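Engineer: Dropping the structure in here first, questions after.
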Amino acid sequence: MASLVWLASFLLLFHFHFQASVSFSLNSNSSAMLCQRDQSLALLQFKETFSIAKAVFVPPYYPKPYLKTKYWKEGTDCCWWDGITCDMETGNVIGLHLSNSLLYGPIYSNNPLFSLRHLRKLDLSLNDFNHSRIVPQFGQLFKLTHLNLSYSGFVGQIPSEITYLSGLLSLDLSWNYGLISETTIFTKLVQNLTQLRELDLSFVNMSEVAPSSLMNLSSSLTSLKLHSCEMQGKIPDISRLSKLVSLDLSWNYGGLTIEPMVFDKLVRNLTKIRDLAFGDVNMSMVEPSSLTNISSHLSSLRLGICELKGKFPDNIIQRTNLQLLDLFGNEDLNGSLPRHNWNNSLRSLSLSFTQFPIYLDYDFISNLKSLETLELSSCNFRVSNLKLLGKLTRLILSLKRLSYLYLFNNNFSGQIPSSLGSLKRLFYLDLSNNNFSGQIPSSLESLKRLPYLDLSNNNFSGQIPSSLGSLKRLFYLHLSNNNFSGGIPSSFKNLKQLYTLGLQNNQLTGRLGPFQDNPLRYIDLSNNMLHGSIPSSILKLADLNVLILSSNKLIGEVSSAVCKLNSLQILDLSNNSLNGFIPQCLGNFSNDLSVLHLGMNNFQGTIPETFSARGSLRYLNFNGNQLQRRIPLSISNCRNLEILDLGNNNIDDSFPHFLETLPELQILILKSNKLHGFVKGSSTNYSFSKLRMFDLSDNMLSGPLPSGYFNNFKAMMNFDVKMEYMGQPNYSYDYSVSLTLKGVVIELVRIQTLLTTIDLSGNKFTGEIPQSIGKLKALKLLNLSHNQLTGNIQPSLRELSNLESLDLSSNSLVGRIPMQLTDLTFLQVFRVSDNRLEGPIPEGKQFNTFDTSSYEGNLGLCGFPLEKCNNGERQKPEISKEDDSNSKFGFGWQPVVAGYGCGVIFGIAMGYRVFKTRKPIWFVRIFEGRRRPKPKRFKN
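In our numbering, the protein residues as written are 3 to 942.
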């Protein structure tokens, strides 16, 4: 007992002594700073190299950004600064955690950051380094074990010096659009970073990297993410990476495939895998049943648009660990859903665009108490009356935890139930591409957490409710392709986080705005009835990427302040009544500008004189204005230019031969100007080699036809071309031009890559039709009418096997119509009127469909549909000079209703306008974490 008392006394004395020692130690060092002075100074200098970002994109569920460097001040201990970690023994800065810190500006090679040689963990993610490059000096931070530069706006090549960081355990360079990894860099990375456990290069361009190089990755890897890297080829056997917990090879533009044996080995050997993402990987040969062998630890399975066919195994759906199942877009995949005893841990379910039957008569999904994301777009709903949305609504409203709701592309009609407002946790609501009508219920203002709302492509009417302005977290708002009227609600000025606004294709009136304080990057207000001038508030949106105000009633001049929007990628002000001069600065104000469309306005003056060689311009359209003088030589600096449309102006110039140096030019339209002189074809092999539409009609060009160019039109010789539409896929923006067909101007709101045309009509070209035209086998339309061509119709035209329209009218052609032209089985328009042709008209095939208007003004022609031939000819009356003159130029175009079959041109000519939601893919990728190409059943 005495010993116990003694022990207790000893422990009590020791406690008091220890407390006193600690107190003395703290007090004696209170005035001494732990942080090394040189490192404290470097951090302060590092802080001064940046300005404060106005707006930085933050993915869902990330904390709100704040300026962590705000309270970094000289004279205080840097080890206690926000975002700094120190070694408590040496005082060296070993951790710099500045994620989401509103840093803005480039990082140059002399940045004080690189003097912090003791750094082990560096996180600069979710800042904006303004399209700068990752400098080689990052490779000098040899002690780094963790490097995170994701979501930070870096571009260019990954420097090879990154591979010097042999101690890295985690490397994250993801979500930097424009960042590129060469094959050699990735090879060195694989060889040198042998301790790597986590690698994320999602959205880094790895198009040159062979998938086989993945086999050499560190066997220590637990996480490999190569989402949207543009890789192509076969996924190799990487089953040796047995420690993988997370594997993401999804959304590589459909470039990756996997063979059944490789996939089967993968799912058997990766016994620790929890997250598997193969979205957009071609798995068409893989049996879905092989998934039954996948790890029992599986919690997330993403197999969207993988071309899986057959029956999906039931046991996967019912696994107790499974939290996310995504089978989106596998249109030939089916399976059975349990009506009872569902897996209650499931948080996310996507069966959109599959053949899974969804029985609305059973509240099976309401058993999923943990469900947060539900995607049932374009689904196989089974219900007695699909118009009765009530059953589905009750089913959804029982899911109180629901955060993501996708019901787009179904046939739901009627009004949106106001009870949707009770889903307080909704983060993402997409009801687009349905037949909803009526007004938007005011109850939606209760969805205070909602950043994403898409109600586009429905039949909503009335005014846009001002209550939407109370959804202050809205980041993405699309109400396009409806019947909304009235003005843009003034309450939208309260949407301080709004990045994307799509209100196109409605009946909105009033003036533009308000856009004072929104961080908008995407605005599409096209095809409305908005009027007035372009407000200065729009021209102050410094981060704006896309501005589309076409097809409204806008007036006034375009201020040169538009050139302050140096982040613009698309500027479309076409089809308005804007006037004055085009600001000269528009030629070189933005290196990122890819679309500049000012057509169909009342602009005067000249085309901007200076176009920058640093630019990214792909589409330039000034058609339908009153521009004068010449075409500036500097347009040849636009090396990426695909479409140049300067038609319907007053340009007085010779043919701009310098345009033949543009390597990517596909469409050149200079019609209806005052161009004059010869068009000499180039002798080089690459002039206009990609050109598919060549329109110089209605000018004053003279001399022989440019046969040298015809020899170089390689794209018009190749008809083995995949049918696509030209445009900017990242923003669902379609290029448009106008095409003259049978005298009628047709606006092509979408341009097919199959469409190839040459229109040289309405000039003063002389001489014969060159034989070289016969090489252009992919040509769909050829119009040489209203010139002064002589000689015979070339039999080589029979080689134009895809030709749908041939117009040689109003020339001085002689001789017979070649019988070989009957081989043109797609020909639907044939015009040779007002020439000096003679002899019998060919018979059979398409020639039996042409009427007399195709041949009138040729007194020597005979045969159907004209009078019968007498011994192969009819008597030719004497033709006076006066009659000759009238025959050449007296024919006027007659608009004719198309009554033919549908080739490419005539399918277009039947007339259409595509109304669609411009949901920018860059945003959907970020917001949903994946690329969503539209499957076959997706509505336009």
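Note that the Cβ used here is the ideal one computed from N, Cα and C, for glycine as well.
Quick caveat: nothing in here was measured; it's all calculated off a predicted structure.
1) Round the Cβ separation of D89 and M35 to the nearest angstrom and send it over; I've been treating them as touching at under 8 Å.
2) Starting from the C-beta of G512, find all residues in its chain whose C-beta is less than 6 Å away, skip the five residues before and the five after it, and write them out in chain order.
3) Taking the DSSP output, what are the residues bridged to S487?
4) At what residues does the alpha helix (DSSP H) containing F48 begin and finish?
5) For P879, collect the residues of the same chain with a Cβ closer than 7 Å to its Cβ; drop the 5 residues on either side in sequence, then sort them by chain order.
6) What residue range does the beta strand (DSSP E) around V746 cover?
7) Answer yes or no: does any C-beta atom of chain C fall closer than 8 Å to that of L431?
8) Which runs of the alpha helix (DSSP H), 4 residues or longer, sit entirely within the stretch 99 to 126?
9) Can you give me the C-alpha to C-alpha distance between L278 and S248, rounded to a whole angstrom?
10) Out of curiosity, what's the CA-to-CA distance linking P161 and F330?
11) Would you mind sorting K66 into buried or exposed? The rule is 16 or more other CB atoms within 10 Å of its CB.
12) Measure the alpha-carbon distance for L839 versus F696 and round it to whole angstroms.
13) What runs of the beta strand (DSSP E), each 3 residues or longer, lie entirely inside the stretch 783 to 842?
14) Would the beta-carbon of R641 fall within 8 Å of that of I669?
15) I'd like to confirm the pairing. Which residues does DSSP put opposite S472 in its beta bridges?
16) Which residues in the same chain have their Cβ closer than 7 Å to the Cβ of T51, if we skip the five residues on either side of it in sequence?
17) Using DSSP's beta-bridge definition, name the partner residues of F715.
18) Bridge partners for S614 per DSSP, in chain order?
19) With distances taken Cα to Cα, identify the nearest neighbour of K870 among E845, H120, T851 and S856.
20) Should K946 be labelled buried (16 or more other beta-carbon atoms within 10 Å of its own) or exposed?
21) Under the three-state reduction of DSSP, which class applies to F767: helix, strand or coil?
22) What residues in its chain sit with their C-beta under 6 Å from that of L479, if we drop five residues either side in the sequence?
23) Need the endpoints of the alpha helix (DSSP H) that N271 sits in, please.
24) Candidates N850, I466 and N437: which alpha carbon is nearest P443's?
25) If you drop the 5 nearest sequence neighbours on each side, which residues of the same chain put their C-beta closer than 8 Å to that of L551?
26) Quick check on N639: does DSSP put it in helix, strand or coil?
27) Determine the direct distance from the alpha carbon of S738 to that of I609, and round the result to whole angstroms.
28) How is F280 classed by DSSP in three states: helix, strand or coil?
29) Note the first and the last residue of the continuous alpha helix (DSSP H) segment covering V192.
30) CB-CB under 6 Å to N483, same chain, minus the five flanking residues each way: which ones, in chain order?
31) Compute the Euclidean distance between the alpha carbons of S691 and F188, then round it to the nearest angstrom.
32) So which of L863, Q830 and S787 has the shortest CA-CA distance to I819?
33) In the DSSP output, which residue or residues are listed as bridge partners for D574?
34) Going by DSSP, name the residue or residues bridged to P1.
35) Could you check which residue in C81, K70 and V206 has the C-alpha nearest to that of E232?
36) Would you call the CB atoms of T147 and N194 closer than 8 Å?
Structural biologist: To lay it out plainly:
1) Contact between D89 and M35 is ruled out by a C-beta separation of about 14 Å, above the 8 Å threshold.
2) Within the same chain, G512 has close Cβ partners G489.
3) For S487, DSSP records a beta bridge to Q465 and Q509.
4) Taken as a continuous stretch (DSSP letters only), the alpha helix (DSSP H) holding F48 covers R39 to E50.
5) Because P879 carries a pLDDT of 48, less than 50, the predicted location of this residue cannot be relied on, and no value is offered for it.
6) Membership of V746 in the beta strand (DSSP E) is indicated by the continuous run V746 to L750.
7) Of the protein chains in the structure, only one exists, and it is not chain C.
8) Entirely contained in the stretch 99 to 126, not one alpha helix (DSSP H) run reaches 4 residues.
9) Whole-angstrom Cα-Cα distance: 6 Å.
10) Their backbone Cα atoms lie some 37 Å apart in a straight line.
11) Exposed: under 16 other Cβ atoms inside 10 Å.
12) Take the alpha-carbon of L839 and the one of F696: they are about 27 Å apart.
13) Segments of the beta strand (DSSP E) lying fully in the stretch 783 to 842: 783 to 785, 807 to 809, 831 to 833 and 838 to 842.
14) For R641 and I669, no; Cβs fall outside 8 Å.
15) According to DSSP, S472 bridges with nothing at all.
16) Taking T51 as the centre and dropping the five residues before and after it, the same chain places the C-beta of G107 and N113 closer than 7 Å to its C-beta, in chain order.
17) Note: F715 sits in no beta bridge, so no partner.
18) S614 is not bridged to any residue.
19) Comparing alpha carbon positions, the residue from E845, H120, T851 and S856 closest to K870 is E845.
20) The chain is shown from 3 up to 942; residue 946 falls before or after that span and cannot be answered.
21) Here F767 sits in strand by DSSP.
22) The residues are L455 and L503.
23) P262 to N271 is the span of the alpha helix (DSSP H), which, as asked, contains N271.
24) Relative to P443, the option among N850, I466 and N437 whose CA is nearest is I466.
25) Taken in chain order, the residues that qualify are L514, I525, L527, S528, L532, I536, D574, L575 and N578.
26) Looking at N639 - three-state DSSP - the assignment turns out to be helix.
27) Those two C-alpha atoms are separated by around 20 Å.
28) In this structure, F280 counts as coil in the three-state DSSP scheme.
29) Boundaries of the alpha helix (DSSP H) harbouring V192: T185 to N194, taken from the DSSP string.
30) Here the set comprises S458, N459, N507 and F917.
31) Spanning the two alpha carbons is a distance of roughly 34 Å.
32) If we check each option's Cα against that of I819, L863 comes out closest.
33) In the DSSP output, where bridge partners are listed per residue, D574 has I550 and H599.
34) Since the first and last residues shown for the chain are 3 and 942, residue 1 lies out of range.
35) The shortest Cα separation from E232 among C81, K70 and V206 belongs to V206.
36) No; because the gap between Cβ atoms is not below 8 Å, this pair is not in contact.
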